[in-house]
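Inspection log for the structure reproduced underneath, given as structure tokens.
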Amino acid sequence: MSDNAVYEYIVIGLLTLVLVGALNREFDINFRLSFHRDYEALRAKEAIGHQKLQADWLLENIIPYYIMNDLRQHNKYSRHIEDAGVVFACIANFSEFYDEQYQGGQEMLRVMNEIFADFEHQLALSKYKDVEKIKTIGSCFMAASGLNMTERKRNKRSDEHLWALLDFALDLIHTLDDFNRQMFNFQFELKVGYNIGEVTAGVIGTTKLLYDIWGDTVNVASRMYSTGLKGRIQVTEAVAKRLESRYIFEYRDEVFVKGKGNMKTYLLVSRRNG
1 MSDNAVYEYI VIGLLTLVLV GALNREFDIN FRLSFHRDYE ALRAKEAIGH QKLQADWLLE
61 NIIPYYIMND LRQHNKYSRH IEDAGVVFAC IANFSEFYDE QYQGGQEMLR VMNEIFADFE
121 HQLALSKYKD VEKIKTIGSC FMAASGLNMT ERKRNKRSDE HLWALLDFAL DLIHTLDDFN
181 RQMFNFQFEL KVGYNIGEVT AGVIGTTKLL YDIWGDTVNV ASRMYSTGLK GRIQVTEAVA
241 KRLESRYIFE YRDEVFVKGK GNMKTYLLVS RRNG
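With full-length UniProt numbering, letter number 193 in the sequence shown gets 193, and the count goes up by one each step, no holes.
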């Protein structure tokens, strides 16, 4: 074999090796790119799944779970509910504690958030399954019972959700007392108004949803708070008579209630034994 032929074989061999190397490198690069794309796609899918879970969690904290199906199907929700319980529990002297000059009021808002978080912690107890937070308005915490008709039907007695809400209101006073023990130079005081009656429950808004309840029952519950006494739960005469078999009430006086005139009101003393 001539030297030229040997040289050609060597050149061809080297070119073949270079070509194979280049092909292997291209394959490796494509494989890595494909793996990276698959990995990024998986990460994106996981991120979307996580975001969906977060969105669902946020939505469930704004909108009660039991109306979600109706809301998804019809994009609206409105119900007339009889014999609902409504509570307004408001920190009567928070304005005395609030000081906007101190950290722009942030510390005071942090304290309020802690108090309301303690209130909401009570809602996790199974005995308060019929009670739900509606909203907070300034230093007021609004809750209601009997809005979930499925849960109401599971109760043995029709007034169970009303008892649960009044017990919850009592626990809020005790919860605030516990919180006050951590305070060195200030004692928060709670005024509570409670009422029973018809309400309309619904969701308003299309992009920024809000679940709320309306009606004369809500207005009177608010008046029971605003005209009430610190550290006490004030109710109407009708409520006192409705729940007197389970609770002890004392007559307070006739109180002027805007839109209703003079109303006889009672203060809760305690639960009855047994």
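Each residue gets a CB set at the ideal place from its N, CA and C atoms; glycine is no exception.
| Asked | Found |
| --- | --- |
| Between the CA atoms of Glu-198 and His-80 - distance to the nearest angstrom | 7 Å |
| Residue closest to Gly-202, alpha-carbon to alpha-carbon, out of Leu-123, Glu-244, Gly-261 and Leu-147 | Leu-147 |
| Exposed unless 16 or more other CB atoms sit within 10 angstroms - verdict on Arg-37 | exposed |
| Selected residue, minimal CA-CA separation from Ile-115, among Gln-182, Tyr-39, Glu-82 and Arg-154 | Gln-182 |
| DSSP-derived helix/strand/coil call for Asn-195 | strand |
| Beta-carbon gap between Glu-189 and Asn-69 smaller than 8 Å | no |
| Nonlocal neighbours in the same chain, by C-beta distance under 8 Å from Ile-62, ignoring five residues either side | Leu-209, Leu-210 and Tyr-211 |
| Neighbourhood of Ser-78 by C-beta distance below 6 Å, restricted to the same chain and skipping five residues each side | Gly-202 |
| Val-218 and Val-87 closer than 8 Å at C-beta | no |
| Limits of the unbroken alpha helix (DSSP H) element including Thr-217 | 216-226 |
| Closest residue to Tyr-194 among Leu-229, Thr-207, Gln-234 and Arg-271 (Cα-Cα distance) | Gln-234 |
| Reduced DSSP category for Gly-39 - H, G, I as helix; E, B as strand; rest coil | For the sequence presented, residue 39 should be read as Tyr rather than Gly. Tyr-39 falls in the helix class under three-state DSSP. |
| Arg-271 vs Tyr-247 beta-carbon contact at 8 Å | yes |
| Cβ distance (whole Å) where Trp-214 is taken to contact Thr-200 below 8 Å | 5 Å |
| Touching by the beta-carbon criterion (3+ pairs, under 8 Å), the stretch 249-263 and the stretch 123-136 | no |
| Integer-rounded CB distance, given that Leu-267 should sit under 8 Å from Phe-249 | 7 Å |
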